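There are 2 protein chains.
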Amino acid sequence: MTLTPPPADSRQRMKALLMGLQDSICAGLEALDGEGRFREDSWERPEGGGGRSRVLREGRIFEQGGVNFSEVEGENLPPSILGQRPEAEGHRWFATGTSMVLHPRSPWLPTVHLNYRYFEAGPVWWFGGGADLTPYYPFLEDAQHFHATLKGACDSVDPGYYPVFKPWCDEYFFLKHRGETRGVGGIFYDYQEPGGALYRGQDPRGPAAVAGAGLTPPRDWEALHNLAAACGGAFLPSYVPIVERRQGLAWGDRERQFQLYRRGRYVEFNLVFDRGTIFGLQTNGRTESILMSLPPLVRWEYAYTPEAGSREALLTDLFTRPQDWLGDGSLLERCAPHGAVG
Amino acid sequence: MTLTPPPADSRQRMKALLMGLQDSICAGLEALDGEGRFREDSWERPEGGGGRSRVLREGRIFEQGGVNFSEVEGENLPPSILGQRPEAEGHRWFATGTSMVLHPRSPWLPTVHLNYRYFEAGPVWWFGGGADLTPYYPFLEDAQHFHATLKGACDSVDPGYYPVFKPWCDEYFFLKHRGETRGVGGIFYDYQEPGGALYRGQDPRGPAAVAGAGLTPPRDWEALHNLAAACGGAFLPSYVPIVERRQGLAWGDRERQFQLYRRGRYVEFNLVFDRGTIFGLQTNGRTESILMSLPPLVRWEYAYTPEAGSREALLTDLFTRPQDWLGDGSLLERCAPHGAVG
Chain Z
1 MTLTPPPADS
11 RQRMKALLMG
21 LQDSICAGLE
31 ALDGEGRFRE
41 DSWERPEGGG
51 GRSRVLREGR
61 IFEQGGVNFS
71 EVEGENLPPS
81 ILGQRPEAEG
91 HRWFATGTSM
101 VLHPRSPWLP
111 TVHLNYRYFE
121 AGPVWWFGGG
131 ADLTPYYPFL
141 EDAQHFHATL
151 KGACDSVDPG
161 YYPVFKPWCD
171 EYFFLKHRGE
181 TRGVGGIFYD
191 YQEPGGALYR
201 GQDPRGPAAV
211 AGAGLTPPRD
221 WEALHNLAAA
231 CGGAFLPSYV
241 PIVERRQGLA
251 WGDRERQFQL
261 YRRGRYVEFN
271 LVFDRGTIFG
281 LQTNGRTESI
291 LMSLPPLVRW
301 EYAYTPEAGS
311 REALLTDLFT
321 RPQDWLGDGS
331 LLERCAPHGA
341 VG
Chain A
1001 MTLTPPPADS
1011 RQRMKALLMG
1021 LQDSICAGLE
1031 ALDGEGRFRE
1041 DSWERPEGGG
1051 GRSRVLREGR
1061 IFEQGGVNFS
1071 EVEGENLPPS
1081 ILGQRPEAEG
1091 HRWFATGTSM
1101 VLHPRSPWLP
1111 TVHLNYRYFE
1121 AGPVWWFGGG
1131 ADLTPYYPFL
1141 EDAQHFHATL
1151 KGACDSVDPG
1161 YYPVFKPWCD
1171 EYFFLKHRGE
1181 TRGVGGIFYD
1191 YQEPGGALYR
1201 GQDPRGPAAV
1211 AGAGLTPPRD
1221 WEALHNLAAA
1231 CGGAFLPSYV
1241 PIVERRQGLA
1251 WGDRERQFQL
1261 YRRGRYVEFN
1271 LVFDRGTIFG
1281 LQTNGRTESI
1291 LMSLPPLVRW
1301 EYAYTPEAGS
1311 REALLTDLFT
1321 RPQDWLGDGS
1331 LLERCAPHGA
1341 VG
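These protein sequence lines are chains Z and A, in that order.
With the first letter of the first sequence counted as 1, position 205 gets the number 205 in this note's numbering; the numbers rise by one all the way through.
Heads up, this note's numbering is the position in the second sequence plus 1000, with the first residue counted as 1.
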């Protein structure tokens, strides 16, 4: 495959974008938390590159939050990526990315994850990224707000993205052994370049078969750079209002125990399925930075089932299944009896 | 490869052995705990077979303990096993096993794991198994007792086993991304059959290069059955005296926090590396039974390092590295200043 080369300063520009994203997110989160401060560790990787990890612990809002920037290089990409990008075989590779996971204290506040990344390897280059929300208690308005904000960011570049990246996110953040999505999703994309398929997931029908078929946005380097900028910039507006709305709610041991239990699913996803975690561990990344996504305290309970009709059951039955958050009117009827609206 | 067929009643005999092992272990642990009782769930697997899972929660000694028996069948083994046993391709397979993980309440008591299993698939059959100990605080005598008991069980069948299975255990229960063994090890073996190599791990030199070279015990079906019986039967004598010796020691928040932190390593190993967990999830096993190995409460802490010279540092530096527990006299000198002897 012949790919138009990226701009001469592509690495610098993406690095600047992603470091700026890390800076703005950290500043916004410190302002929101009011007490917690990020501690920064810079690190170098023996094979080339390095990063700056920032972790906030025991804040007012956040029990733990990590925002990591990295820029790494190496001789050979791991097999999991070469399978998707055989043209990269035998070429030095470069990758830069910013990733974030926040674990709030309050069980009413959702965990949230974001990652935007860029690769170059010989004749090929591509963009990937996304953001997804994992509530512990169901609030329809929060899921809708998160999706609407991300959809707005995607649409600002091209309306063809969200209809594909939303179902792709549901597909990617799926725990097969539980039959559950990680949460209410968001957007996910990978291997984005001008010529290739918009959807490159596992489903042979593909999200494009469901929605957005035929709409393939132009994806030159500039458009994909703009997409990362728009979606990355949408993070604070997608999440901060949720925290502001729920932060005053009191909670008790029941909610805390359910939160700790559900955090177990987060660990299971990240260690068994997550592409970024596996890439990091396979490429001799900095373990502490890779695993800062894991929650500070987690509980497993054998054969737990939530009480029928409870909010915990609604979370499990509705908020860990793919839903058309922005279009399905029946969600309101299902959520309203549980105080899960507004 | 032509393999002598197993006895006509091989499946029944292994099933009886492994169910009997589950029974005797559960009875011994209930007697030891004095308060906790195992709850049993029987389950069936859609593709064939099933099992009985037993879980004890919130006992006096055990925060959680699971002892699982299963007997499952299927059309095709997963690729991870076919790579080691290409002769099984295209044949129905049968597997039976008993596995156990115990998470004690007291940080002075080690977590312990055991698994013995037997496979048949077309023209091939093999045995696997082992047991390993994961202390949270270092006690040299406990590591020595555990190893000496398992060595005795191996030696009762053939003295050629322990010198190979001990280093194989250190190799298998290794967290690459941490540069640590899971604990002080024990024994591990897999793919045992009459004709094949005694050692079938990943190290190209192999433990046999280190010790026991040339000693290849006869391994007909009966000998391997006897090995599983001897090692399985050695579990209670290998572990119960450790609990009896340490159960009266008081502990505080410092010890509890370190225990919860180290439990994180157990989760990382089981979800990223463990062959049994991956096999179970790949073959559509019962998720709750597979993941009952995960600790009930776990903590992660970014960039934690134990204080130099502390018992926590001794655990990390000495008890998560391969050691010759039964032969290296210098261990005593290193442990004694920390109250980690006797």
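Even for Gly, the Cβ is constructed at its ideal location relative to N, Cα and C.
Source: prediction; values computed, not measured.
- For leucine 32 of chain Z, no chain A residue has a C-beta closer than 7 Å to its own C-beta; the minimum C-beta separation is roughly 20 Å.
- With a cutoff of 8 Å on beta-carbon distance, tyrosine 1136 of chain A and proline 1107 of chain A are scored as near each other.
- Between leucine 315 of chain Z and alanine 234 of chain Z a beta carbon distance of about 25 Å is seen, past the 8 Å cut, so the two are scored as non-contacting.
- Shown here, histidine 1091 of chain A sits in coil according to DSSP, grouped into three states, outside any helix or strand.
- DSSP, read as helix, strand or coil, puts tyrosine 191 of chain Z in strand.
- Residue state for leucine 77 of chain Z is assigned as coil, using DSSP reduced to three classes.
- At least 8 Å separates the CB of arginine 60 of chain Z from every CB of chain A.
- Interface criterion met: the Cβ of arginine 178 of chain Z is under 8 Å from a Cβ in chain A.
- For proline 1296 of chain A, the residues of chain Z that pass the 8 Å Cβ criterion are Arg299, Trp300, Glu301, in the order they occur in the chain.
- As computed with DSSP, histidine 103 of chain Z is found in a beta bridge with Z/Gln64.
- Listed along the chain, the chain A residues whose CB falls inside 8 Å of the CB of valine 55 of chain Z are Tyr1302, Ala1303.
- Counting only the Cα atoms, tryptophan 1126 of chain A lies some 13 Å from proline 1086 of chain A.
- With distances taken between CA atoms, phenylalanine 69 of chain Z lies nearest to Z/Gly97 out of Z/Ser293, Z/Thr111, Z/Gly97, Z/Asp190.
- The beta carbons of glutamate 1075 of chain A and leucine 1082 of chain A sit about 12 Å from each other, so the pair does not count as a contact at 8 Å.
- Residue state for asparagine 226 of chain Z is assigned as helix, using DSSP reduced to three classes.
- In this structure, the CA atom of asparagine 1284 of chain A is about 45 Å from the CA atom of alanine 27 of chain Z.
- For glutamine 84 of chain Z, the number of other beta carbons within 10 angstroms of its own is below 16, and it is reported as exposed.
- Excluding its 5 nearest sequence neighbours in each direction, tyrosine 189 of chain Z has C-beta neighbours in its own chain below 7 Å: Gly128, Gly129, Gly130, Phe165, Trp168, listed in chain order.
- Among the bridge pairs identified by DSSP, arginine 1254 of chain A is matched with none.
- In the structure shown, the three-state DSSP call for serine 330 of chain Z is helix.
- Residues of chain Z with a Cβ closer than 9 Å to the Cβ of glycine 1066 of chain A are, in chain order, Tyr302.
- Taking 8 Å as the cut-off, the Cβ atoms of tyrosine 162 of chain Z and aspartate 170 of chain Z do not count as close.
- DSSP lists no beta-bridge partner residue for glutamate 268 of chain Z.
- Residue contact with chain Z for leucine 1291 of chain A: present (Cβ-Cβ distance below 8 Å to some residue of chain Z).
- Against chain Z, a Cβ distance below 8 Å from glutamate 1288 of chain A picks out Tyr302, Ala303.
- If one requires a minimum length of 4 residues, the alpha helix (DSSP H) runs lying completely within the region 150-207 of chain Z are 162-172, in chain order.
- With contact defined as three or more Cβ pairs closer than 8 Å, the region 49-63 of chain Z and the region 20-38 of chain Z are in contact.
- Using beta-carbon distances, leucine 1003 of chain A does not count as an interface residue toward chain Z, since no partner is under 8 Å.
- Residue-level contact by beta carbon holds for leucine 271 of chain Z and chain A, with a gap shorter than 8 Å.
- With respect to the 8 Å criterion, histidine 1145 of chain A and leucine 1326 of chain A are not classified as neighbours on the basis of their beta carbons.
- Valine 267 of chain Z belongs to the set of residues whose beta carbon lies under 8 Å from a beta carbon in chain A.
- Boundaries of the alpha helix (DSSP H) harbouring serine 10 of chain Z: 10-33, taken from the DSSP string.
- Taking all protein chains in view, the Cβ of arginine 1054 of chain A is crowded by 16 or more other Cβ atoms within 10 Å, so the residue is classified as buried.
- When C-beta atoms of the region 318-332 of chain Z are compared with those of the region 289-297 of chain Z, fewer than three pairs fall below 8 Å, so the two segments do not count as touching.
- Pairing proline 110 of chain Z with leucine 249 of chain Z, the inter-Cα distance amounts to about 13 Å.
- Contact between the region 253-269 of chain Z and the region 292-309 of chain Z is present, with at least three C-beta pairs closer than 8 Å.
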